Amino acid sequence: MSLVINEVLANPVGKDTEGEFIEIYNNSKDSIFLTGYYLADESGKTFNLKGEIEGLEYKVFYYKDTGININNNEEIIYLKKGGEVVDEVVLSGVLEGMSLARVGENFIFTNNITEGAGLIMSEEKTLDNINLIDNASLNSVVITGVLISIIFGFVVWFLYRILTLYE
Numbered sequence: 001m002s003l004v005i006n007e008v009l010a011n012p013v014g015k016d017t018e019g020e021f022i023e024i025y026n027n028s029k030d031s032i033f034l035t036g037y038y039l040a041d042e043s044g045k046t047f048n049l050k051g052e053i054e055g056l057e058y059k060v061f062y063y064k065d066t067g068i069n070i071n072n073n074e075e076i077i078y079l080k081k082g083g084e085v086v087d088e089v090v091l092s093g094v095l096e097g098m099s100l101a102r103v104g105e106n107f108i109f110t111n112n113i114t115e116g117a118g119l120i121m122s123e124e125k126t127l128d129n130i131n132l133i134d135n136a137s138l139n140s141v142v143i144t145g146v147l148i149s150i151i152f153g154f155v156v157w158f159l160y161r162i163l164t165l166y167e
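Just so you know, the UniProt record's numbering puts 94 at position 94 of the sequence shown, and the rest follows in order with no gaps.
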């Protein structure tokens with residue numbers, strides 16, 4: 001993929017509509033004309049991209065321009081071309097002041113917001129103190145949480161039934 005979603009700020013400090021952004025990155029050495037590309041969210045809101053993005057450059061799109069209001073609880077942001085998904089990012093439970101930033105093929109939540117530039121990680125940052133996310137592991141966390149909730153609910157119900165039988 002030459003164009004990727006690189007960073008998303010869904011829940012800035014203060015009003016979301018004044019700071020939300022979606023950043024794309026051209027990881028090829030050639031410039032790419034953005035005609036035909038667009039950003040979209042789960043609700044179907046779209047924003048057509050214009051102009052071009054130089055090779056190895058970033059381009060930031062703000063809510064005030066796109067009209068895409070990123071849901072803080074759960075959202076999928078798409079980069080599409082001609083109806084085909086070029087890239088997508090799944091956001092869930094975004095904390096205020098934290099962006100979701102690409103590191104290789106994964107994403108991390110970070111308060112080191114770098115709109116229009118790459119994420120620079122200091123040497124003291126390790127896998128122990130950053131939150132790596134990929135879509136597969138995020139989905140398994142959600143599924144595991146749902147299963148635990150269902151099992152817990154069943155155990156509570158079962159204990160209640162046993163206790164009420166002997167009254």
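C-beta atoms are modelled at their ideal positions from N, C-alpha and C, and glycine is treated no differently.
Just so it is clear, the structure is predicted and the values come from calculations on it, not from any experiment.
Just the C-alpha distance for Asn72 and Asp30, rounded to the nearest angstrom, thanks. Numbered from its first residue, the sequence shown carries residue 72 at position 72. Numbered from its first residue, the sequence shown carries residue 30 at position 30. Computed Cα separation, rounded: 34 Å.
Local Cβ density within 10 Å of Phe33, reported as buried at 16 or more and exposed below that: The count along the sequence shown starts at 1 and reaches residue 33 at position 33. The residue is exposed, with fewer than 16 neighbouring Cβ atoms inside 10 Å.
In DSSP terms, what Thr35 is bridged to: The count along the sequence shown starts at 1 and reaches residue 35 at position 35. Its beta-bridge partners do not exist; DSSP assigns none.
Segment contact flag, the region 40 to 50 with the region 89 to 104, C-beta cutoff 8 Å, min 3 pairs: With the cut-off at 8 Å, the region 40 to 50 and the region 89 to 104 do not touch.
Let me confirm a value: Asp41 is counted as buried when at least 16 other C-beta atoms fall within 10 Å, else exposed. Which label applies? Here residue 41 refers to the residue found at position 41 when the sequence shown is read from its first residue. Buried is the call here.
If you follow the alpha helix (DSSP H) that Thr66 is part of, which residue opens it and which one closes it? Residue mapping note: residue 66 aligns to position 66 of the sequence shown, counting from 1. That run of the alpha helix (DSSP H) goes Tyr63 to Thr66.
Using DSSP bridges, identify the partner residues of Asn11. Position 11 of the sequence shown, counting from 1, holds the residue named residue 11. The beta-bridge partner set that DSSP reports for Asn11 consists of Met98.
CB Ile5 to CB Phe61, shorter than 8 Å? Position 5 of the sequence shown holds residue 5. Position 61 of the sequence shown holds residue 61. No, the pair does not count as a contact, with Cβ atoms beyond the cut-off.
Assigned secondary structure, Thr114 (DSSP; H/G/I helix, E/B strand, else coil): Here residue 114 corresponds to residue number 114 of the sequence shown, with the count starting at 1. Correct three-state label for Thr114: coil.
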